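A.B. asks: Okay, handing you the structure first.
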Amino acid sequence: MVYQIPSEGILSVAIAEVLRQYDVVSSQSKLADLTRKKLREINPEYSVTEERVRKVAIQTGVASVEIKSREIPSQKPTSECPVCGSKMRRIKNKTLYGKAITLRYKCPKCKFSTGITRSIPVRYVFKYALAKEKTDNSNSNIMLF
């Protein structure tokens, strides 16, 4: 099967159109399916993975993401965010004895957070993050000084 990979710009526009139409998409696979359908309207050979759709939606700011996760008690957290691939930042606190301890790890880009034990994302909820276009022009005569 022959396929083409869309550029990040084309992909982000397709994701934005899908989220503008549906406003909230309750899973990564649904968002990827809807985005693939939108991309195939542009070019029938376009194909994209779920992971790339998620990462582009977060990195371009088209979507705000609510992440539901579960903890794996036997594993330590990784230094890379499992959601967007950015480097996780340590959230530290000082003890009464002056030592610094790590409380949590937080991603500065997508706001994914995990404790001392490793958390893995199990469900994503995508919401349209760009400003909605106004369809009501009743306030268009108001002048701001």
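Residue numbers for the sequence shown follow my numbering, so the first one is 979 and each next one is one higher. In this text, a Cβ means the ideal position worked out from N, Cα and C, and glycines have one as well. Computed from a predicted structure; not experimentally measured.
1. When the distance is taken between beta carbons, is residue 1038 closer than 8 Å to residue 985?
2. When DSSP builds the beta bridges, which residues end up paired with residue 986?
3. Just mark residue 1139 as buried or exposed, buried being the case when its beta carbon has 16 or more other beta carbons within 10 Å.
4. Starting from residue 1078, trace the beta strand (DSSP E) in both directions and tell me its first and last residue.
5. Let me confirm a value: residue 1106 is counted as buried when at least 16 other C-beta atoms fall within 10 Å, else exposed. Which label applies?
6. Of all the options 1059, 1078, 1109, which has the alpha carbon lying nearest to the alpha carbon of residue 1092?
7. Specify, as a first and last residue, the run of the beta strand (DSSP E) that residue 1044 falls within.
8. Buried or exposed for residue 1032, please, with buried defined as at least 16 other CB atoms from any protein chain shown within 10 angstroms of its CB.
9. Within 8 Å, do at least three Cβ pairs link the region 1080-1099 to the region 1049-1065?
10. Check the DSSP bridge columns for residue 1070 and list the partner residues they point to.
11. Once the 5 residues before and after residue 1067 are set aside, which same chain residues still bring their CB inside 8 Å of it?
12. Using a Cβ-Cβ cut-off of 6 Å (strictly less than) and excluding sequence neighbours within five positions of residue 1069, which residues of its own chain qualify?
13. Mapping the DSSP letters down to three states, classify residue 1028 as helix, strand or coil.
14. To the nearest angstrom, report how far apart residue 1102 and residue 1002 are at their CA atoms.
15. Taking the CB atoms as reference points, tell me whether residue 1016 and residue 995 lie closer together than 8 Å.
C.D. replies: Let's see:
1. Against a cut-off of 8 Å, the Cβ pair of residue 1038 and residue 985 comes out as no contact.
2. Residue 986 is not bridged by DSSP to any residue.
3. What is shown of the chain runs 979 to 1123, which leaves residue 1139 out entirely.
4. Note, residue 1078: beta strand (DSSP E), 1078-1084.
5. It is buried - the Cβ of residue 1106 has at least 16 other Cβ atoms within 10 Å.
6. Per the C-alpha coordinates, the member of 1059, 1078, 1109 positioned closest to residue 1092 is 1059.
7. First-last of the beta strand (DSSP E) with residue 1044: 1041-1050.
8. Burial call: buried.
9. Taking 8 Å as the limit for Cβ pairs, the verdict is that the region 1080-1099 does touch the region 1049-1065.
10. According to DSSP, residue 1070 bridges with 1080.
11. Once the five neighbours on either side are set aside, the close Cβ partners of residue 1067 are 1083, 1084, 1085, 1086.
12. Result list for residue 1069: 1081, 1082, 1084, in chain order.
13. Assigned with DSSP and collapsed to three states, residue 1028 falls in helix.
14. Answer to the nearest angstrom: the Cα atoms are 11 Å apart.
15. Cβ atoms of residue 1016 and residue 995: closer than 8 Å.
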